[in-house]
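Numbering (the working numbering), first residue to last: 17 to 344. I have placed the structure first, in the form of C-alpha cells, so that the comments after it can refer back to it.
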Amino acid sequence: MRHISREREHYLDAVDDALARNAKAFKESLERFHEKRSPPKWCVHCTSDVHTDFAKNAAELDRYVEDKIAENDERRRRGENVSSAIVVAGDVCTGIERLRTTMVSLRKCHDAVFYLPAGNHELWVSGQGIYDDSLHKMVELIDACTAWGVSCAPTRLSQTLAVVPIYGWYVDEFCDDPWRRSSAYTDLERNFDAACSWPPFINPPSEARNSHAPGIAAFMRDVNARALKRFASVVRTERDDATTIAFSHFLPRPELYRGNPALMKVMGNVAIDADARAWNGSIHVFGHSHLNVDRVIDGVRYVQCALGYPHERWFGSNHPKLLHRDAS
C-alpha cells in the first residue's frame, strides 16, 4: 500500500510540475504579446469535441480558421484593438500529431488557446509502448501544449478575465435516477473508454483498461486541489467587473444532460462543479455529450458548443461560439 501511495504522489507531482511549466511559458508569451500592443479587449470563443481524427471535421476546422483569419484582418483594417481567445473543452483527437496540427491551426486565428488535454479520447492509448498509461500521456500532452504555446493551466488573461481548466472524470453516482444508479452497466457503458489504460494505483494490472474505477476521478480532483493551491493567488481577483471562465470536458451537473439515459454513468461528475465553483467562476464550458447547452443554474452560466461527429451535424456546421466579450 505504501508503494501505491508513493506512486500516486509521483504522478500527481508530474502533473503539477507540467502545469507549472505550462503556466510559466504561457505567462511569458502573454507578456511578450502585451509588449507589442496596448491592452486589448478580449473576445473569448468556446468549442469542444472537435474530433479532428475525422477528415470531415478537420476540413470543417480548416474552414473555420480561414474565416476567422479573414475576420481578424477586417478588424485590424478598421483599427479595432480586439484580441481573440478560444476555450477547447477536450476531445480534440487521440493522436499527438493530429493534436499538434489542430492546435497550431487554432493558434493562427486566435491570440490565446486554452485547452484541456484530458478528454476521454485524448487519454486513449494504443498499447504499443509509446505511453506507460493514460496519465503518463496526459503529462506528455501538457508538455506538448507548452511547446505549442497552448495554455492548460489556470491563467489570468487580463485584469478582468481569467480562464481555469478543471480536470475530472465521470463516476457512476452522476446518474440521478436511483434505480439506474444501483443497476448494472448498460451495454453502452460497460466497456466505455476501454482504450484508456490506468496505472496500478488506479487499477490492478488485470483491470488496467477499466475506466469506471473511482480512483480516476479522485486523482483528477487532487490535480484540481493542487492547481487551486498553486495558482489561486495569481488568478483570483476582488474586482467586481472580473470574469472567470472555468472549463471541463465532462458534465458538471446531471441536469445538463438530456441524451441517452443508457450513457448516464459515463457522462460526468458533480465534483467537477464543486471544483469549478471554488474559483468563483461565472461561466463554465464543458463538452463530452455532444449536446449543446447554454443555461444559467445557481448563478453560473453553463455552455457546451460541440462540433461532434460528422453524422451528428443534422443542421450544418457548429462553429465555435462567442462566449464572452470584454466591455467597451
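In this text, a Cβ means the ideal position worked out from N, Cα and C, and glycines have one as well.
Asked, Found
"Secondary structure of G284, DSSP reduced to three states", "strand"
"C-alpha gap between A178 and A101, whole angstroms", "11 Å"
"For I182 and N240, believed in contact at Cβ under 8 Å, the rounded distance", "6 Å"
"Beta-ladder partner(s) of I232, from DSSP", "I232 is not bridged to any residue."
"For G106 and S64, believed in contact at Cβ under 8 Å, the rounded distance", "6 Å"
"Distance CB(D203)-CB(S227) smaller than 8 Å", "no"
"Chain-order list of residues whose beta-carbon lies under 6 Å from that of A128 (same chain, five-residue window excluded)", "A101"
"Bridge partners - I261, DSSP secondary structure assignment", "V179, I299"
"Residue closest to H137, alpha-carbon to alpha-carbon, out of T117, D238, M236, H265", "H265"
"Assigned secondary structure, W185 (DSSP; H/G/I helix, E/B strand, else coil)", "coil"
"First through last residue of the alpha helix (DSSP H) which encompasses D203", "203-206"
"At least three beta-carbon pairs within less than 8 Å, the region 20-37 to the region 291-301", "no"
"Rounded C-alpha distance that separates D193 from R53", "53 Å"
"Separation of L35 from F42, as counted between CA atoms", "10 Å"
"Range of the contiguous beta strand (DSSP E) that encloses A163", "That residue, A163, is in no beta strand (DSSP E); its alpha helix (DSSP H) goes 150-164."
"K52 - containing alpha helix (DSSP H), residue span", "Looking at the DSSP string, K52 is not in any alpha helix (DSSP H), and its letter there is neither H nor E."
"Residue(s) in a DSSP beta bridge with W58", "S99"
"Residue of N276, A292, P277 minimising C-alpha distance to A248", "A292"
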